[in-house]
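Position 254 of the sequence shown, counted from 1, bears residue number 248 in the numbering used here, the numbering being contiguous throughout.
Heads up, the beta-carbon is just placed ideally off N, CA and C, and yes, glycines get one too.
I have placed the structure first, in the form of structure tokens, so that the comments after it can refer back to it.
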Amino acid sequence: MDLQLIPNRPEPLYVLLCSPEHFKIVDVKNVHMQGNSGKEDHQKALEQWQAIYNIYLSEHKSGNILGTKFIIGASNCEDMVFCANQSFPWIDVNGKPMVIMSRMRYPSRQNEVPFFESFYQSLHYTVFPPPGDGLLEGMGDLIPVPGKMLIFGGYGHRTDLTTLDQLSKMLSCTILPLELVNDAFYHLDTCFIPLDTQTALIAREAFNQSGYDQIKATFAEVIEIPLNESAKGFALNAHVVHGQRYPFAVIQKDNPFTTSVLKEKGYKVYEVDTSEYMKSGGSVFCMKMMHY
Ligand code: ARG
-5 MDLQLIPNRP
5 EPLYVLLCSP
15 EHFKIVDVKN
25 VHMQGNSGKE
35 DHQKALEQWQ
45 AIYNIYLSEH
55 KSGNILGTKF
65 IIGASNCEDM
75 VFCANQSFPW
85 IDVNGKPMVI
95 MSRMRYPSRQ
105 NEVPFFESFY
115 QSLHYTVFPP
125 PGDGLLEGMG
135 DLIPVPGKML
145 IFGGYGHRTD
155 LTTLDQLSKM
165 LSCTILPLEL
175 VNDAFYHLDT
185 CFIPLDTQTA
195 LIAREAFNQS
205 GYDQIKATFA
215 EVIEIPLNES
225 AKGFALNAHV
235 VHGQRYPFAV
245 IQKDNPFTTS
255 VLKEKGYKVY
265 EVDTSEYMKS
275 GGSVFCMKMM
285 HY
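Here is the structure:
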């Protein structure tokens, strides 16, 4: 695919988080949660979330991003802090913001969606329900190529292939499907970071041959991240932002290879500790939503 031919798209530069006072591990929604029920340290979780929020606040203050907000986590929603999953904000060809809400796999997580819907309504977004009747988990499985009207869509765990087809028609935008074949990488945002139109960071183990070929055919440079960083360290759940002034990344600490790649590529890198959230299968990327 020649990315030069794909229309451009402005990057969203507002950050939304969801406060973690009701974050808990109560069941096993993904393999990372096995044996972790009740094992989260609540105080530590609050501090870790605050540290991430402070990074975005300072990036906002310095004018690199446009805004930082959070919505308050609801008491019956133990995973709501992972606010990358309930929605997919997008922009139409006329530059009007729109959002497609998720149809989440787990009933307890479906309860999170209306809170985000109200948030987008308050911003005057056009809000759409998910197409068809298949699963869709928002930005967890829909990763746009920076600056382009092109989306990679992960499927197999939390999002259905049929939904990707329907969504592609709904948005009039190509969605390149990638089957996720490894339980450790149950959302696309755990194994794939397109840095720009040239370079992508991936966990090779997450994809089958055709998915891998698709990624190789799209990006001139594909950097494979070792399994100890991708699966254990959630390195590919880093949040990479093309700010107004400079690019930056927020990444789980102790991922030296991925961190050095990002630094070499010119990113200002913030290393944070998300240990309590990793017990639930998520890290930085899952804990925020970029919106217009
Ligand atoms: N416990 C949550 C779940 O399994 C974690 C979600 C992490 N989010 C992500 N985008 N990978 O649903």
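A direct Cα-to-Cα measurement between Gln203 and Gly148 gives close to 14 Å. If you look at His26, you'll find it isn't in any alpha helix (DSSP H); DSSP assigns it neither H nor E. Counting only the Cα atoms, Thr268 lies some 25 Å from Leu130. At least one heavy atom of ligand 1 lies less than 7 Å from the C-beta of Thr184. Between Ile187 and Ala194, the C-beta gap is smaller than 8 Å, which places the two residues in contact. Judged by beta-carbon spacing, Met283 lies within the 8 Å limit of Ser81, meaning their Cβ atoms are closer than that value. Residue pairing from DSSP places His236 in a beta bridge opposite Pro241. Taking all protein chains shown into account, Asn48 has fewer than 16 neighbouring C-beta atoms within 10 Å of its C-beta and is therefore exposed. Counting C-beta atoms within 10 angstroms of its own C-beta, Thr120 has fewer than 16 neighbours from the protein chains shown and is therefore classed as exposed.
In the structure shown, the three-state DSSP call for Leu195 is strand. In the DSSP assignment, the residues bridged to Arg97 are Leu130. By the criterion of at least three beta-carbon pairs nearer than 8 Å, the region 243 to 260 is not in contact with the region 70 to 77. For His181, the shortest separation between its Cβ and any heavy atom of ligand 1 lies below 7 Å. Bridge pairing for Asn2: Lys142 [DSSP]. When C-beta atoms of the region 7 to 17 are compared with those of the region 60 to 67, three or more pairs fall below 8 Å, so the two segments count as touching.
In this structure, Pro124 lies away from Pro6, with their beta-carbon atoms at least 8 Å apart. A residue is called buried when at least 16 other Cβ atoms come within 10 angstroms of its Cβ; Met(-5) does not meet this threshold and is exposed.
Following the DSSP letters along the chain, one finds Glu53 inside the alpha helix (DSSP H) bounded by residues 36 to 55. In this structure, Gln246 is the residue among Phe122, Phe242, Gln246 with its C-alpha nearest to the C-alpha of Ser224. Between His233 and Val244, the gap from beta carbon to beta carbon is short of 8 Å. Pairing Asn2 with Ile137, the inter-Cα distance amounts to about 15 Å.
Pro83: member of the beta strand (DSSP E) spanning 81 to 85, first to last residue. Phe228 is not a Cβ neighbour of Ser166, given a cutoff of 8 Å.
In the structure shown, Met(-5) adopts coil according to DSSP, grouped into three states. Across the structure, Gln104 and Met98 are spaced so that their CA atoms are roughly 5 Å apart.
Per the DSSP secondary-structure output, Ile217 pairs in a beta bridge with Leu195.
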